[in-house]
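Written below as structure tokens is the structure these notes are about.
There are 4 protein chains.
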Amino acid sequence: MGKNRLEAFSDGVLAIIITIMVLELKVPHGETLDVLLPLVPTFLSYVLSFVYLGIYWNNHHHMLHVATRVTGPMLWANLHLLFWLSLFPFATGWMGENHFAPMPSALYGLVLLMAAIAYWLLEQAIIASEGAASLLRRAVGRDWKGKLSPLLYGVAIVTTFLAPWIAQAIYVFVAILWLVPDPCIERALHRGEPWP
Amino acid sequence: MGKNRLEAFSDGVLAIIITIMVLELKVPHGETLDVLLPLVPTFLSYVLSFVYLGIYWNNHHHMLHVATRVTGPMLWANLHLLFWLSLFPFATGWMGENHFAPMPSALYGLVLLMAAIAYWLLEQAIIASEGAASLLRRAVGRDWKGKLSPLLYGVAIVTTFLAPWIAQAIYVFVAILWLVPDPCIERALHRGEPWP
Amino acid sequence: MGKNRLEAFSDGVLAIIITIMVLELKVPHGETLDVLLPLVPTFLSYVLSFVYLGIYWNNHHHMLHVATRVTGPMLWANLHLLFWLSLFPFATGWMGENHFAPMPSALYGLVLLMAAIAYWLLEQAIIASEGAASLLRRAVGRDWKGKLSPLLYGVAIVTTFLAPWIAQAIYVFVAILWLVPDPCIERALHRGEPWP
Amino acid sequence: MGKNRLEAFSDGVLAIIITIMVLELKVPHGETLDVLLPLVPTFLSYVLSFVYLGIYWNNHHHMLHVATRVTGPMLWANLHLLFWLSLFPFATGWMGENHFAPMPSALYGLVLLMAAIAYWLLEQAIIASEGAASLLRRAVGRDWKGKLSPLLYGVAIVTTFLAPWIAQAIYVFVAILWLVPDPCIERALHRGEPWP
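Chains as they are written, first to last, in this note's numbering: chain A, 1 to 196; chain B, 197 to 392; chain C, 393 to 588; chain D, 589 to 784.
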């Protein structure tokens, strides 16, 4: 029951973040196609962030599905994750408006990195609550994606000052990596069973 | 249980999109009736989009009611649908502010078209998960509305450059077409039974 | 089950409307107390609308509690009600920014009137679905508030052009009238029982 | 069941308030790091308010967990609390944009104070409904945090005109005080049991 309210609140915040982001796509003045052109980078960064938030919602769902109870640390680790995710609209808007310039792209990478760390902390809080023998712990043991992503974000933050488009390529690559639902957790948990 | 969270998240996003749209109706300066006049097209486009999002919410509810489980593809097809619906406030605002000019009307039609395709993809994902003998598949087989709508959106996108008001008439016509709850699904499923 | 999703969606939309309204209270430039003064009318109109939306949420909850099933007409009557409620932020902002001038006050009254009519239509849709012997019908039969309110809104719309403050007094009076939970429905339904 | 909808509505409003606050962090023009510098105070005030709203959400959850039924006064006490919380984005934005100047800091303290009083009123409404022997009453009897906080907010409001940073230190101190989950309620209720 406590878990339900935690999920509902997280879903609410995620749903609002994902939708508020589109407000950065400001309605332009003028009725011709060329007034839309300056919005293309903002639109592309919106697509990227939409996919990332979709991934977080999906993974968050999988992870909480495994949790059998909610503890104080889990609650605050979850709010901490939501905090970094709430900065997506700002980072997305700044990167889009400046056409993927180095500094905004680095900040975007930083928000991605902090969200990944926050996600990892939430994972640890759940494992601490569930015990060392928990399903999540065994599933996460081989979680190479969760280990590779922060590393790649770090690389992207550095390389954006050399060549901004490498950073973008990395962000897209990591998103694609995650788009495939995590077979580790799924296999360990739901053999033959559909999505949680 | 997984279905509940999918529905709750979709409801949240739809509720926010529908409400955020009204923010395009910016409070005018001045206290006389004539400052409201330039807002009339924005208001009318808001009404149209409100009805469309209501239809999507209603149909989404009917369709998910039939699903007995949630799979990965369904999840992403659902997010894909929400993505196109999230562009409604932008497309609505641009069309309203430019008094139904050709290009904004065409973009509005494009967003309607993409949402219709995304809805169809979600339908296919559910049918793939439920199997060929599923109730949904049988109901959808005669789903002439789902086939006619994208066609009409396509016609509207083209004709808006010849006569913008034809496109608007088509958008209104398709909305009216859908306002009547789909008797196909309803008849096949809930003979005599009230709304799911 | 269908009722749950209808309630959840309505709650979502109401929660967003109530919160989005506060965005009309724009953060002023300057750090002294006097920059807040021009915001006082906007703040007061926000308080009034917050109370009205709270009343609608409360009554909506009571009314749907009585419904045993959800029909197509109920669904659309509900969306119709949400449509008029979604115009609260606009009407509130325009009235507040213009310091309760006649025309914005009249529009505010019109939105209140349309919402009251939409609420009545939803009530009729539920009664039609539940049958003539339903609890709601008996409770509503003596619903003098529901009949008096639209009348008073109409009076307010007309008198605002003579003396704007009479309209405001009427809006406040009707809100106070409703703040007391409806004893008709409550008495008929939950004798001795707490809030649904 | 009535409690569920009250929780869901409160969660919705809190989720939106927490997310709308980030809109005060406006995307700056320019792509260099120095355009972010003027946003640092706004960001810090956002962090503070995010933590406060997280605390309210957490405590609200604990408190409602104890309630066995929902009464009319509880409902309105809850809406009253949500009203003051809905002013967080405004107070946070004004304080952040003016770099913690005395008057905006005092208003922020006033909103914190009113929210604390509203929370206390909701607590009293629940105790009145649950009876003198209720678990909540016993737990709250030793609730020194709930008594100390309004006092400290009052001190902060006064001292901000002497030295604004003292007020900020008090706001941060009270937040830290609350970050530790309330052991009073928890101990009285869930001996050995995890978070509600």
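No residue lacks a Cβ here, since even glycine has one placed at the ideal position from N, Cα and C.
Item to check | Neighbourhood of B/Ala-312 by C-beta, 8 Å cutoff - its chain only, sequence neighbours within 5 removed | outcome: Here residue 312 of chain B refers to the residue found at position 116 when the second sequence is read from its first residue. For B/Ala-312, same chain residues with a beta-carbon under 8 Å away, outside a window of 5 residues either side, are Gly-342, Ser-345, Pro-346 and Tyr-349 in chain order.
Checklist entry - Taking 8 Å as the CB-CB cut-off, is D/Trp-682 touching chain A? => result Taking the first residue of the fourth sequence as position 1, residue 682 of chain D is located at position 94. The C-beta of D/Trp-682 comes no closer than 8 Å to any C-beta of chain A.
Checklist entry - B/Val-354 versus chain A: which residues are under 7 Å apart at the beta carbon? => result Counting from one through the second sequence, the residue named residue 354 of chain B turns up at place 158. Against chain A, a Cβ distance below 7 Å from B/Val-354 picks out nothing, because the smallest value is about 15 Å.
Next on the checklist: Closest to A/His-60 by C-alpha separation, out of A/Gln-124, A/Ser-10 and A/Tyr-171, would be which residue?
Outcome noted: One-based indexing of the first sequence puts residue 60 of chain A at position 60. When only C-alpha atoms are compared, the closest one is A/Ser-10.
Checklist entry - Helix, strand or coil: which one does DSSP assign to A/Val-51? => result One-based indexing of the first sequence puts residue 51 of chain A at position 51. Taken through DSSP and simplified to helix, strand or coil, A/Val-51 comes out as helix.
Checklist entry - Who are the neighbours of A/Ala-15 on chain B, taking C-beta pairs under 7 Å? => result The residue you call residue 15 of chain A lines up with position 15 of the first sequence. The CB of A/Ala-15 comes closer than 7 Å to the CB of Phe-205, Gly-208, Val-209 and Ile-212 in chain B, given here in chain order.
Item to check | 6 Å CB neighbourhood of C/Glu-585 in its chain, flanking five on each side removed | outcome: Residue mapping note: residue 585 of chain C aligns to position 193 of the third sequence, counting from 1. For C/Glu-585, the predicted structure reports a pLDDT of 41, less than 50, and the residue's modelled location is therefore unreliable. A value from the coordinates is still provided. Shown here for C/Glu-585: not one same chain residue has a beta carbon closer than 6 Å to its own, the five before and five after excluded.
Item to check | Own chain partners of B/Glu-293 with C-beta closer than 7 Å, once the 5 adjacent residues on each side are dropped | outcome: The residue given as residue 293 of chain B occupies position 97 in the second sequence. Taking C-beta separations shorter than 7 Å and ignoring five residues to either side along the sequence, the partners of B/Glu-293 in its chain run Thr-238, following chain order.
Item to check | 8 Å Cβ cutoff, D/Phe-678 in contact with chain A | outcome: Residue numbering aside, residue 678 of chain D sits at position 90 when the fourth sequence is read from its first letter. Not a single CB atom of chain A sits nearer than 8 Å to the CB of D/Phe-678.
Next on the checklist: Quick check on B/His-276 - is its C-beta less than 8 Å from some C-beta in chain C?
Outcome noted: On the second sequence, residue 276 of chain B is found 80 positions in, with the first residue counted as 1. No, B/His-276 does not count as interfacial toward chain C.
Checklist entry - Are A/Gly-12 and B/Leu-275 touching if we call contact CB-CB under 8 Å? => result To locate residue 12 of chain A, count along the first sequence from 1; it is residue 12. To locate residue 275 of chain B, count along the second sequence from 1; it is residue 79. Contact flag unset, no.
Checklist entry - What are the uninterrupted segments assigned as alpha helix (DSSP H) that are 4 or more residues long and contained completely in the segment 532-563 of chain C, given in chain order? => result List check, alpha helix (DSSP H) in window: 536-551.
Checklist entry - Taking buried to mean at least 16 other C-beta atoms within 10 Å of its own C-beta, is A/Ala-8 buried or exposed? => result Looking up residue 8 of chain A in the first sequence gives position 8. A residue is called buried when at least 16 other Cβ atoms come within 10 angstroms of its Cβ; A/Ala-8 meets this threshold and is buried.
Checklist entry - If you count every other CB in all the chains shown that lies within 10 Å of the CB of A/Leu-122, and 16 or more means buried, which is it? => result Numbered from its first residue, the first sequence carries residue 122 of chain A at position 122. Its Cβ being crowded by 16 or more others within 10 Å, A/Leu-122 is buried.
Item to check | Amino acids of chain A, ordered along the chain, whose beta-carbon sits closer than 9 Å to that of B/Glu-319 | outcome: Along the second sequence, read from residue 1 onward, the residue named residue 319 of chain B stands at position 123. Chain A residues near B/Glu-319: none, gap ~17 Å exceeds 9 Å.
Next on the checklist: Quick check on DSSP: helix, strand or coil for D/Phe-688?
Outcome noted: Here residue 688 of chain D corresponds to residue number 100 of the fourth sequence, with the count starting at 1. In this structure, DSSP gives D/Phe-688 a state outside helix and strand, which the three-state scheme calls coil.
Checklist entry - Using the beta-carbon count (16 or more within 10 Å), is C/Trp-468 buried or exposed? => result Against the third sequence, residue 468 of chain C aligns to sequence position 76. Around the beta-carbon of C/Trp-468, 16 or more other beta-carbon atoms lie within 10 Å, marking it buried.
Item to check | Contact with chain B by C/Ile-509, beta-carbon distance below 8 Å | outcome: Indexing the third sequence from 1 puts residue 509 of chain C at position 117. Cβ-Cβ to chain B under 8 Å: no for C/Ile-509.
Item to check | Nearest candidate by alpha-carbon position, reference B/Ala-263, set B/Leu-240, B/Gly-198 and B/Leu-283 | outcome: Indexing the second sequence from 1 puts residue 263 of chain B at position 67. The candidate whose alpha carbon is nearest that of B/Ala-263 is B/Gly-198.
Checklist entry - From the beta carbon of D/Gly-780, is the nearest beta carbon of chain A less than 8 Å away? => result What you label residue 780 of chain D is simply residue 192 of the fourth sequence in a count that begins at 1. Residue placement at D/Gly-780 is poorly supported in this model, since its pLDDT is 40, which falls under 50; the coordinates are not used for a value here.
Next on the checklist: Under 8 Å, Cβ to Cβ, is there at least one residue of chain D near C/Thr-424?
Outcome noted: Your numbering for residue 424 of chain C matches position 32 in the third sequence. At a cut-off of 8 Å between C-beta atoms, C/Thr-424 counts as an interface residue with respect to chain D.
Item to check | Within-8 Å CB hit, D/Ala-716 to chain C | outcome: For this step, residue 716 of chain D is matched to residue 128 along the fourth sequence. Answer no: the Cβ-Cβ gap between D/Ala-716 and chain C never drops below 8 Å.
Checklist entry - Is there a Cβ from chain D that is less than 8 Å from the Cβ of C/Met-393? => result Looking up residue 393 of chain C in the third sequence gives position 1. Its pLDDT being 49, under 50, C/Met-393 is placed unreliably by the model, and nothing is read from it.
Next on the checklist: Please state whether the Cβ-Cβ distance between C/Leu-412 and B/Leu-278 is less than 8 Å.
Outcome noted: Within the third sequence, residue 412 of chain C is the residue found at index 20, counting from 1. Within the second sequence, residue 278 of chain B is the residue found at index 82, counting from 1. According to the sequence provided, residue 412 of chain C is Ile. The question's Leu does not apply to it. No, they are not a contact pair.
Next on the checklist: Distance check for B/Ala-287 and A/Val-27, CA to CA, integer angstroms please.
Outcome noted: Looking up residue 27 of chain A in the first sequence gives position 27. Looking up residue 287 of chain B in the second sequence gives position 91. Taking the straight line from one Cα to the other gives about 8 Å.
Checklist entry - Do C/Trp-449 and C/Leu-406 have their C-beta atoms closer together than 8 Å? => result Walking along the third sequence from the start, residue 449 of chain C turns up at place 57. Walking along the third sequence from the start, residue 406 of chain C turns up at place 14. With contacts defined by Cβ atoms closer than 8 Å, C/Trp-449 and C/Leu-406 form a contacting pair.
Checklist entry - Can you name, in chain order, every residue of its own chain whose Cβ lies under 8 Å from the Cβ of D/Tyr-634, other than the five neighbours on each side? => result Against the fourth sequence, residue 634 of chain D aligns to sequence position 46. Contacts found: Met-609, Val-610, Glu-612, Leu-613, Thr-680 and Gly-684.
Checklist entry - Can you find a CB in chain C that lies within less than 8 Å of the CB of B/Leu-281? => result As a position in the second sequence, residue 281 of chain B is number 85, starting the count at 1. No, because no Cβ of chain C sits closer than 8 Å to the Cβ of B/Leu-281.
Checklist entry - Could you give the C-beta distance for B/Pro-360 and B/Phe-296, rounded to a whole number, given that I count them as a contact under 8 Å? => result Locating residue 360 of chain B in the second sequence gives position 164, where the first residue counts as 1. Locating residue 296 of chain B in the second sequence gives position 100, where the first residue counts as 1. At roughly 5 Å, the Cβ-Cβ gap stays under 8 Å, so B/Pro-360 and B/Phe-296 are in contact.
Checklist entry - Is there a Cβ from chain B that is less than 8 Å from the Cβ of A/Gly-54? => result Your numbering for residue 54 of chain A matches position 54 in the first sequence. Judged by the 8 Å Cβ criterion, A/Gly-54 is in contact with chain B.
Next on the checklist: Please report whether the beta-carbon of D/Ile-608 lies at a distance below 8 Å from any beta-carbon of chain C.
Outcome noted: Mapped onto the fourth sequence, residue 608 of chain D falls at position 20. Chain C contact via Cβ: present.
Item to check | Helix, strand or coil at D/Lys-591 according to DSSP, with G and I counted as helix | outcome: Sequence index remark: in the fourth sequence, residue 591 of chain D carries index 3 (1-based). D/Lys-591: helix per DSSP, three-state reduction.
Checklist entry - What number of angstroms, rounded off, separates the C-alpha of D/Met-651 from the C-alpha of D/Glu-718? => result For the purposes of this step, residue 651 of chain D is taken as the residue at position 63 of the fourth sequence. For the purposes of this step, residue 718 of chain D is taken as the residue at position 130 of the fourth sequence. Rounded to whole angstroms, D/Met-651 to D/Glu-718 spans 12 Å at the Cα level.
Next on the checklist: Restricting to Cα atoms, I'd like to know which of B/Gln-320, B/Ala-324, B/Ser-330 and B/Ala-302 is closest to B/Gln-364.
Outcome noted: The residue you call residue 364 of chain B lines up with position 168 of the second sequence. Nearest option by C-alpha distance: B/Ala-302.
Item to check | Buried versus exposed call for C/Thr-552 [16 or more other C-beta atoms within 10 Å across all chains shown] | outcome: Residue 552 of chain C sits at position 160 when you count from the first residue of the third sequence. Buried: at least 16 other Cβ atoms inside 10 Å.
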